[in-house]
Amino acid sequence: MTSPSHPAEVTVDLAIVGAGPAGLYAAYYAGFRGLSTAVVDALDEPGGQVSAMYPEKLLYDVAGHPGIKGRDLVDNLVRQAAPFDTAYLLGRTAVGLTPREAGWALTADDGSRVDAGAVVIAAGLGRFVPRKLPCSLPYEGKGVAYHVPRLEAHAGRDVVIVGGGDSAVDWALALAPVARSVTLVHRRAAFRAHEYSVRQLHAAPVRVITDAQVVACHGGDRLERVDVRCGEEVLTLPAQALVAALGFTSGLGPVAEWGVDLEHRRIRVDQSMRTNLPQVYAVGDGCTYPGRVPLITVGFGEAGTAVNHAAVALRPGERLAPEHSSDASYGPEATASAVPVHPSVQSGPAVPAAAAA
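Residue numbering for the sequence shown follows this note's numbering, beginning at -12 and increasing consecutively.
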């Protein structure tokens, strides 16, 4: 295990940029094809947009699941890849991609480096950066957060949520039966969230304060209370947690400078998910081709396609069509590994070069 403050150096067959659903499934499929893999992601936990924006919402359009919570889908994907000892470099932004003698060198903003024979870019719409509440900055990580990975972490707390979109309302509804109190603060009277969710909000045990803003945060080592301005009045509310659900900005960022062909800010690929760069593939919502539909299940198929083609490119003579997964030698007992916890690099036998402290 290596924290982002200690750059890692890893050598693998396949580097994956992005730990969203498509990237995580690519990690599984690479292991299934016998490829060692490292996954690099700017967020401090796997899941990408699903973890950042709707981990507690039910997803109804994932094949094989009549309904599954976002975080459960992510946890399942991580467990699915666990038998293959994927290396996770979380809390690191991939900033550089340069050719080397046999493959590519992928570098991160903390100085980490992954040498790989092939690369799959599964970065979605790019790095998600939360919109921040200026007065809350001193308490980031000390009670202030931008999403809620685990509801149970807020049991018994007074939680203040700021925002008026779907995420803010969803958090308020999900936390109402868990937290000691939930207050939603929105600067306008009208909400951007779905009308049905807003009706649920007003019927729930949630205090809703509109035409208001959080203007100050107070506490010692951790957040203890916040000031909310309503017109000329300032309310002081207890708050051991503040969720700033103000949305995220996203963009390809450094990926756009790697020399991949772009079309409307997405990476152009062919039917094998290849980019214009040799042995560099792109999958998920960050790629484009005629007729593409932005669905999680589509991203899963693209990940499988990309990895199978990468396996053949890395090992000429191998079959493009893989063996049946039912013939694999690993069993369900191997999938018990927990989701990796930030800050970390998790590496194992599948990674030839151990992470360097």
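Built from N, CA and C at the ideal position, the CB exists for glycine as well.
Three-state secondary structure assigned by DSSP to residue i
| i | result |
| --- | --- |
| Phe19 | helix |
| Thr322 | Summary for Thr322: the model assigns pLDDT 43, below 50, so the residue's position carries little reliability, and this model does not support an answer. |
| Asp62 | helix |
| Glu32 | coil |
| Ser184 | helix |
| Asp157 | helix |
| Ala39 | helix |
| Pro241 | helix |
| Ser259 | coil |
| Glu310 | coil |
| Leu11 | helix |
| Phe235 | strand |
| Ala290 | helix |
| Leu301 | helix |
| His25 | Contrary to the premise, residue 25 reads as Ala rather than His in this sequence. Here Ala25 sits in strand by DSSP. |
| Ala163 | coil |
| Val285 | helix |
| Arg279 | coil |
Local Cβ density within 10 Å of residue i, reported as buried at 16 or more and exposed below that
| i | result |
| --- | --- |
| Thr73 | buried |
| Pro277 | exposed |
| Arg217 | Reading off the sequence shown, one finds Cys at residue 217, where the question assumed Arg. Burial call: exposed. |
| Glu244 | exposed |
| Gln258 | exposed |
| Leu307 | exposed |
| Val295 | In the sequence as displayed, the identity of residue 295 is Asn instead of Val. Per the 10 Å Cβ criterion, buried. |
| Arg253 | buried |
| Gly111 | buried |
| Pro319 | Only weak support is given to the placement of Pro319: the predicted model assigns it a pLDDT of 46, under 50, and the value that follows is read from those uncertain coordinates. Classification of Pro319: exposed, given that the 10 Å Cβ count is below 16. |
| His397 | The shown model of the chain, from -12 to 344, leaves out residue 397, and the question about it has no answer. |
| Arg79 | buried |
| Thr85 | exposed |
| Gly51 | exposed |
is_contact[residue i, chain B] using C-beta, thresh 8 Å
| i | result |
| --- | --- |
| Ser23 | Protein chain content of the structure displayed is limited to a single chain, and chain B is not contained in it. |
Delimiting residues of the alpha helix (DSSP H) encompassing residue i
| i | result |
| --- | --- |
| Ala203 | Not the alpha helix (DSSP H): Ala203 falls in the beta strand (DSSP E), residues Ala199 to Gly206. |
Residue range of the beta strand (DSSP E) that includes residue i
| i | result |
| --- | --- |
| Leu224 | Glu220 to Pro225 |
| Ala269 | Val267 to Ala269 |
| Ala2 | Glu(-4) to Val4 |
| Leu210 | Leu210 to Cys217 |
| Asp145 | Asp145 to Val149 |
| Arg174 | That residue, Arg174, is in no beta strand (DSSP E); it is neither H nor E in DSSP. |
| Arg194 | Arg194 to Ile196 |
Does the count of Cβ pairs from the region 117 to 136 and the region 278 to 286 closer than 8 Å reach three? no
**OP:** Would you check if the region 148 to 155 and the region 170 to 179 touch, i.e. whether three or more CB-CB distances between them fall below 8 Å?
**Re:** yes
Could you check whether the region 104 to 114 touches the region 266 to 274, counting it as contact only if at least three pairs of C-beta atoms, one from each stretch, sit closer than 8 Å? yes
| said: In chain order, what are the residue ranges of uninterrupted beta strand (DSSP E) at least 3 long that sit wholly in the region 67 to 142? | reply: 74 to 77, 81 to 87, 90 to 95, 100 to 108 and 114 to 117
| Touching or not, the region 16 to 26 and the region 58 to 74, by the rule of three or more beta carbon pairs under 8 Å? | yes
task = Determine contact between the region 245 to 262 and the region 139 to 153, defined as no fewer than three beta-carbon pairs at a distance below 8 Å.
result = no
Give a yes or no on contact between the region 230 to 239 and the region -5 to 15, applying the rule of three or more CB pairs nearer than 8 Å. no
Segment contact, 8 Å Cβ cut-off, at least three pairs: the region 88 to 97 with the region 43 to 56: no
- Query: For the region 199 to 216 against the region 183 to 191, are there 3 or more C-beta pairs whose distance is under 8 Å?
  - Reply: no
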